[in-house]
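There are 2 protein chains.
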Amino acid sequence: MANITKKVSWSSRADDSNATGEGTPLINGSEPLGYSRQLSGGSIFQIGRVSTVDMDEEMTSDEDSLRGRPKEITHNEKLLSLKYESLDYDNSENQLFLEEERRMSYIGFRCLEISRWVVCGLIGLLTGLIACFIDILVDQLAGLKYRVVKENIEKFTTVGGLSISLILWAVLNSAFVMVGAIIVAFFEPIAGGSGIPQIKCYLNGVKIPRVVRLKTLLVKVAGVICSVAGGLAVGKEGPMIHSGAVVAAGISQGRSTSLKRDFKIFEYFRRDTEKRDFVSAGAAAGVSAAFGAPVGGVLFSLEEAASYWNQMLTWRIFFASMISTFTLNVFLSVYSKKPGELSNPGLINFGRFESNSLEYNLYEIPIFIGMGAIGGLLGALFNVLNYWLTIFRIRYIHRPCLQVMEAMLVAAVTATVSFTMIYFSNDCQPLGPDQAEEYPLQLFCADGEYNSMATTFFNTPERSVRSLFHNPPGSYNPLTLGMFTLTYFFLACWTYGLAVSAGVFIPSLLIGAAWGRLIGILLPSISSSSSTWADPGKYALIGAAAQLGGIVRMTLSLTVIMIEATGNVTYGLPIMLVLMTAKIVGDYFEEGLYDIHIKLQSVPFVHSEPPATSHWLTAREVMSSPVTCFNRIERVGTIVDLLSNTSTNHNGFPVVMNNAAGDEPAKLCGLILRSQLIVLLKHKVFVELARSKLTRRKLQLKDFRDAYPRFPPIQSIHVSQDERECMMDLTEFMNPTPYTVPQETSLPRVYKLFRALGLRHLVVVDDSNRVVGLVTRKDLARYHLGKHGLEELQLAQT
Amino acid sequence: MANITKKVSWSSRADDSNATGEGTPLINGSEPLGYSRQLSGGSIFQIGRVSTVDMDEEMTSDEDSLRGRPKEITHNEKLLSLKYESLDYDNSENQLFLEEERRMSYIGFRCLEISRWVVCGLIGLLTGLIACFIDILVDQLAGLKYRVVKENIEKFTTVGGLSISLILWAVLNSAFVMVGAIIVAFFEPIAGGSGIPQIKCYLNGVKIPRVVRLKTLLVKVAGVICSVAGGLAVGKEGPMIHSGAVVAAGISQGRSTSLKRDFKIFEYFRRDTEKRDFVSAGAAAGVSAAFGAPVGGVLFSLEEAASYWNQMLTWRIFFASMISTFTLNVFLSVYSKKPGELSNPGLINFGRFESNSLEYNLYEIPIFIGMGAIGGLLGALFNVLNYWLTIFRIRYIHRPCLQVMEAMLVAAVTATVSFTMIYFSNDCQPLGPDQAEEYPLQLFCADGEYNSMATTFFNTPERSVRSLFHNPPGSYNPLTLGMFTLTYFFLACWTYGLAVSAGVFIPSLLIGAAWGRLIGILLPSISSSSSTWADPGKYALIGAAAQLGGIVRMTLSLTVIMIEATGNVTYGLPIMLVLMTAKIVGDYFEEGLYDIHIKLQSVPFVHSEPPATSHWLTAREVMSSPVTCFNRIERVGTIVDLLSNTSTNHNGFPVVMNNAAGDEPAKLCGLILRSQLIVLLKHKVFVELARSKLTRRKLQLKDFRDAYPRFPPIQSIHVSQDERECMMDLTEFMNPTPYTVPQETSLPRVYKLFRALGLRHLVVVDDSNRVVGLVTRKDLARYHLGKHGLEELQLAQT
C-alpha cells in the first residue's frame, strides 16, 4: 500500500469528451470498489484522514467501513476536485411543479409563508438552546477542573511538588480532548474544525457530504464541549454557526432521514432552493447566538450566501437571528440567577463599552490603522504556518488514531506551556473586592493577591478577552502580555485543524487583545503626555479586531459583529478601518484561513465576482463539450447505460428535440437532472411498447420530494432486459425553460447569470438554439487570478 | 382649457401593435408640441403641479416655460404610466466595450477599484458636510426665531397682548415656509417632499427625470432649511437620503452637465450600471448621516435597490456610510464646542439609552406588540388621510402659486394651533439646574418653571423626540401628551405632500413617542405595582418605532436604523416585533406611505418578488408583440423613421439576422438601444453605398460616454435625403448576447431573471431563437395582487 493514490487530472477539457456534467464517480455499487476507495482519499475538510464519508451524499445510503487507506496522500492545490456536487438553487419548473403551483390558492401561499416564519422561529429557538447548553456545560466543566486543580495545588504547593499538579492538569485536559478527538476522528470527521468553511461552501452552492446531518450536530456539540473544557486554544463560537445550519436543515425538512422519522410537515420545503434559504437562516442564528449579533448574523449569511437579494428572506433570517440571541439571553439569565436581565446576548460578550471612558480621538486613527497592518501581518503569518501544518497533516497524519494522539499531544503541551509560564511569571495583582475574575489562583503570590498569568490561562478564553478589554489600567504587566501573545499565537495555530470541533474566533480575539493591550500600555511611555492614553482597553479591542480580521478576512459582517458585540456604534469607523487595513495587508501575503482550507480541499467555490481580466474568455471556451443529451422520448436502456457510466457521471442532461443524426447538435427543449431520472426509473414510468399504455399511477411531485435528498444510486435500481427496450417520456419531468446563453457570451456575463440565479447547469446554445455545451460550477471555478494573470486550475477526480 | 387632458390607455396589449419598448413620447422637437405638453400633465411626485419637467431626461436638453396647464387633472391609480424610462443595470457588452475591457490590464482594474473607493469616500464626506450645513443653519435660525419671539412675548405679556406675539410667530414661520415653497414650486418641483419615493424608484431602476441633478440638490437643501425653520411638522432626515443620492450621482460622473464642466475623470463610470451603484452608496450615506446609522444605511440601500448582492459593492457602500456619519460627527462636535467628542453620529440622535434604566421584561413583550398594532392602525389612518389629500391636491392644487399659498396656510395654522395649545395648557415644570431644554419658555408659569407644551412645540422636533425618550418620569402630563399627539398627527398628515422639501420620519417618531409615553404613564395606573413601569421613556421609544413603522412600512433597515440610533442592541427584539406587527396590521388596511405616492404617480415599480399566484402566466402572455427589429445592416432612413415615430418610442430594438420576409420572425443576433442609435446617427457612422467606404474616425466608447446621460432627441439630428439611403452596420455596437427566455417560461421565472440582473429589455424567443416578443419593466410591473387575485394594470401615456 505504498503509494496507491492515483491522481486523475486533465490538462485541458478538449481531450476529455466526457467532462460534461458535474462528475462524481458513482462507484458505490458492486463494480470497481477498491479503486473508488482510493480515489476518495482526501477526506472533506477533516484533512489528512481517509473518510468514512461516501463521496456522494445523494446517491449513497449505507455507510460501510474503512478499507484501503493510503499511508500518504499526494496533494496539489492547483486542482479542482470533481467529487463535489452542486446544489440546485434554481427550481426545476417542470410540468408537475407548475401544476402544483397553479393549483395553489392565494391562501395556500400565505400558509406557506407563515410556515416559513414558524420554521425560522424554531431554528432560532433551537440554535439558542444549543448555544445555551454548550455554554452551561463548558462552564460547569471549567469550574470542576478549576476546583480539582486548585485543591491539588494547595495540597502540593506546601510540600513543594508542583509537578504533580502539572501532571494532573495535563492529564485532565488530555482526557477531555481525547474524548473530543475520538468522536470526531472515528465517528464524524466532518464535525471537526469550526465548520465555517463547510458552511461557506454549502451556502455557496457546493454540496459537502454529510455536513448538515443530525450525527454531525451531535458530534459537533459534544466535541466542542470537550475541546473547550480541555483547555485548548479554541473557541466555541465557530461551531455554533455549523450547529445552527444543521438545525435549520433538519427542522425545515420536517423529517429526519437518520432517525427514519417523517413528520409529514414542511414537505414543500424538500428541495435545495428552500433548504438553502433555511440553512442561511440557521447560520445567521448561529452567529447571532455566538456573538449576540443578530444583524451581523444576517450580514454573514448574505456575504457568504445569497447572491440574489430577497427582502422577505432577509427579514426571516433576521427573525431567526433575533429569536436565537433572545433565547440564549433568557436562558443564560436564568442560569446566572438574574432572570430577566438580558445582558448576555451571545456566547462571547465583550462587556459594556461605555462611550465616556473609551472615546477615541482623531489623532488615534493612524495608530489604529497601524494596528490593523500589524494584525494583517500577524494574521498572514498565522495562515502561512497553518497552511504548512495542514499540508503536513494531509500527508502524514491521516489515521484517526494518529489524529487523536496529535490532539492529546497538543492538549498536554498547552497545559505544560501554560504551567511553565505561570511558574516563571511573577505578575501578582491585588485581589480586589469587586473581583472580576472568577477563578483567581494565588500560587506564588502574596496573600490577598492573585497570579494574573494563571488567571489568563485558567479562565475560559471568553472571560480572558473580556478582562483584557475592561480590566483597569495596570492589571497586566507588559511582559506577561508579550509572553502570552507569543505562546498563545503558536498554540492556536497548531490547534486549528486538529481533529476536534473548535473555532478560531476566540483565540484570534485573545491574541489580538493581548498585543493590543500591550500597545496600549507601551504608548504612554513613548509619548509625552500620559493622560490621553489612559485606557489600554480600547487598544485591546482594536488589536482583537485587527488580529481576527487578519486571520479570517471577513469584512462587512465582521465589522457589524464587532460593533454589536461591543454594543457601541461609536467604534464603527475605527473597527472598519482596522479590518480594511488588516485585510489589504493580509491579502498581500496569503489568503484568509477559511479560503486556504477550502482551496486545500479543491472545492469548486464560485466567488462573488469573476476574475477581473476574464473578458477574453467566452462561453465557447469555458463550456464542457460535447454534451450528453437525451431525446424527449428516450429508450430506457440508453438512459440506464448513461447513468451507469462511471467515467462520466453527469448530473444534468439537456433534452433535445430530435437527436437522430447523433453527432449533429439538436435543438434544446429542456433539462433533466440525474436525480429526476433515478426517481423515474425507480417508479418505472415507462411507455411500454409491446402492450398498450399502462394505467400506472401518475407520478407526483411528492415522489421526488420523498426521495430528496438521498436519491438511490443507479446501481440499486434493477431494470430488466424487457424494460430496457421501453421508452420513457421526459416531457412532463424536464425543466422546459432552462436558462441559456449564446456561445459568444463573455465569461463575466456567464458568471453573473450563473451566480445571480444560483444555477447548477447553464446550457450554451448556438444561434439556432441547438445545444453546443454546458457550463457548470467547475467550469467557472476553474479560473482565478494568480500572480501572473488569469490562471486555470486543473480538474481531478480526487 | 376646461378639461383637455387626454388619457391614453390600452385595455390589453393585443390591440396595440406598437407597445413594444418602453415608450416616452419624444415630442420635444417641433412636431406636436401642444399635445405633448398636455400629455405630460401630472408632474413627477410633486403632485398636483404641472411640471416644467420635460418628460424625458435623456432626450431633452433645454427647459422651456410652462404652457397649456390644465386646470384639473384626471387621475386613475389603476394605470401604469409609459412616460418613465428604465435604467440599464445590465452592461451592453458590445464589441467596443469588450475591446476596452480586454485592453485593460490587471493594474487598470485595480486603479478602477481604487477610484471607486475614492468616489465613495468623497460621497460620504460631502453628504456628511451637507447634513452638517443643514443642521447648523436650522439650529441658528431656530435660535434666532426663539429669541425674537421670546423678547416679543416678554414685552407684550406684560401689557396683555399675546395675540401680537402669535401673529409675529405665525408671520415669521410663514415667511420661512414661503421661501421654501417658492423655490420648490417654481424652480424644481422634484425637490419637494422627502425624496425617498423618488430614490426608491431610481434604485429600483426607474429613471425619474431630473431627480439627481445639481439644481435639485440646491433647492432641496435650501427648501429643507426653510421648512424646518418655518416650524412645520417635518423632519430634515428624509431629504438627506435624496441629497446623498444627488451627491453620488454628481461626483461619480466626474463632471456637471448643468455647470458644463467636465473634469475628465471617472469617465469609466458614465453608464447606468456604475452610476446606480454609486447612487446606492449616496442614499446609504444619507441615511447614515441622518440617523447615525451606517449599517442601517447599507441595509436601506440593499432593501430598496440591489437585487444582485455584490460583496465589494456592499463594502464600499458601508465605507461611504461610515465616512458620512464620521464627518458629520466631527464637524458637529466642533460646532458644539466639544471637538473630538464624537457623540453626534446623526442629525437625529436618540440620546444614550443605558441598559440599566431601560431594561425590559418578558411580560412587557405583549404590551409592545399591542403598541405595534396601535402604530399600524394609526399609520394606516395617516396614510389613508394623506392619500385622499394627495388625490385632492392632484385635482385642484396644481398651480405653483396655489401650492405656495397652501404651504403658507399650513405654516400659519401650525403656528396658531401650537399657540392655542400652549395658551390652554398649564403644564408647568420646574426649571432644573441640569436643564435639558435649550429653549424654556416661562409664559404663564410661575417663576422658576417653564411651560412644557411650549417647549415641545418650540424645540426642533429632534430635541422633542429626545426629551420624550429621556426626560425623567413626570416631565409631561398625560393631557398635554394626548393633545399633542392629536394635533401633531393631523398637522403632520396635512404637511406631507406640500410643495416643500421635508421628511416624514421625525413627525412620525414624535407622534409615536408622544402616545408611547402616554401609554407608559397610564400603564402604572391600571396595574397594581407601579414600580415596574417606572420609566415611560422606553414606551416612548417603542411607540415611536410603532408609529414610524406603521407609516413607512420599512422592515429590516428600519429595525437596524432604530437599533443604531438608540445605540443599544438589547432593544433589537422588541423593536423588531413592533415593526413587524405594525407592518402586518397596517398592510391589512393600506399600503405604506411611500408606496402610495409611487402608485399615485403610476410608476412601473418592479417589486422584489412576483405576485404569488402568477404561475399561470408565461412569457408569451406577458411580452409585448410584435417587436420592431432592425437588421444587422440597416438602412439609415428606416432607423430614423422608426426612432422618430412618436407613437411607439421604443428604447431597445432586437437586431436580427435577416428580416427580409417582413412578418416572419427572424433569428436574434443582438440588441441595440435607442441611445446608441442616436449617437451613431449623430456621428454619421454610415456605410455609404455610392462611394467607397469612408475613412471616418472609428467610433469610441468615449463618444457614448460623452453623450451620457442626456442623449439628444432624434429630432435634433439632421439626416439628409442622401444619407437616408446609406446603410448602417450595427454589428459592432449592438449587444451580441442579450439575455433571452423561451416563450413558455413562467412569469415568476421571467421576473426572477429580470430583477436579479436588473434588466431593461428581455427578448423572448421561440425554439429556433427567433424573436417573438420583448419583456420590459412595464410588462412585469403591470401584474399585482389585488383583493380578487391577480390584477392587471392598464398602461397609459400620462
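Sequence lines, in order, name chains E and A.
Residue 1 is where the first sequence starts when you use full-length UniProt numbering, and the numbers rise one by one after that.
Residue 1 is where the second sequence starts when you use full-length UniProt numbering, and the numbers rise one by one after that.
The beta-carbon is built from N, C-alpha and C at its ideal position, and this holds for glycine as well.
Spatial distance of residue i from residue j (CA atoms)
i        : j        : result
Val119/A : Asp90/A  : 21 Å
Tyr106/E : Ser614/A : 10 Å
Gln403/A : Asn735/E : 56 Å
Ser256/E : Asn349/E : 34 Å
Ala320/A : Gln198/A : 21 Å
Met483/E : Cys428/E : 15 Å
Lys207/E : Leu378/A : 48 Å
Trp616/E : Lys698/A : 22 Å
Neighbour flag for residue i against chain E, beta carbons, 8 Å
i        : result
His784/A : no
Met576/A : yes
Trp616/A : yes
Glu462/A : no
Val741/A : yes
Enclosing beta strand (DSSP E) for residue i [first to last residue]
i        : result
Phe653/E : Gly652 to Val656
Asp772/E : Contrary to the premise, residue 772/E reads as Val rather than Asp in this sequence. Unbroken beta strand (DSSP E) run through Val772/E: Val771 to Thr776.
Asn451/A : Glu449 to Asn451
Ser81/A  : Leu79 to Ser81
Distance CB(residue i)-CB(residue j) smaller than 8 Å
i             : j        : result
Leu795/A      : Leu203/A : no
Ser418/A      : Gly180/A : no
Arg760/A      : Thr776/A : yes
Glu564/E      : Gly292/E : yes
Thr581/A      : Ala283/A : no
Leu556/A      : Gly516/A : no
Val219/E      : Phe187/E : yes
residue 799/E : Tyr363/E : Coverage of chain E is limited to positions 1 through 798, which leaves residue 799/E absent and any answer about it impossible.
Asn152/A      : Ser165/A : yes
Asn310/E      : Ser324/A : no
Asp767/A      : Val622/A : no
Proximity test, Cβ basis, 8 Å: residue i and chain A
i        : result
Asp434/E : Its pLDDT being 46, under 50, Asp434/E is placed unreliably in this model, and the value from its coordinates should be taken loosely. Output row for Asp434/E: interface = no.
Thr273/E : no
Thr581/E : no
Pro345/E : yes
Met371/E : no
Val569/E : yes
Met408/E : no
Beta-ladder partner(s) of residue i, from DSSP
i             : result
Val741/A      : Val764/A
residue 801/E : Outside the displayed span of chain E (1 to 798) sits residue 801/E, for which this structure offers no information.
Arg210/E      : The partner list for Arg210/E (beta bridge, DSSP) is empty, contrary to what the question assumes.
Lys667/A      : Arg770/A
Gln429/E      : Tyr450/E
Cβ of residue i within 8 Å of any chain C Cβ
i        : result
Lys752/E : Going by chain labels, chain C is absent from the structure shown, which instead holds the protein chains E and A.
First through last residue of the alpha helix (DSSP H) which encompasses residue i
i        : result
Glu591/E : Glu591/E -> no alpha helix (DSSP H), and no H or E assigned at all.
Asp641/A : Val636 to Ser644
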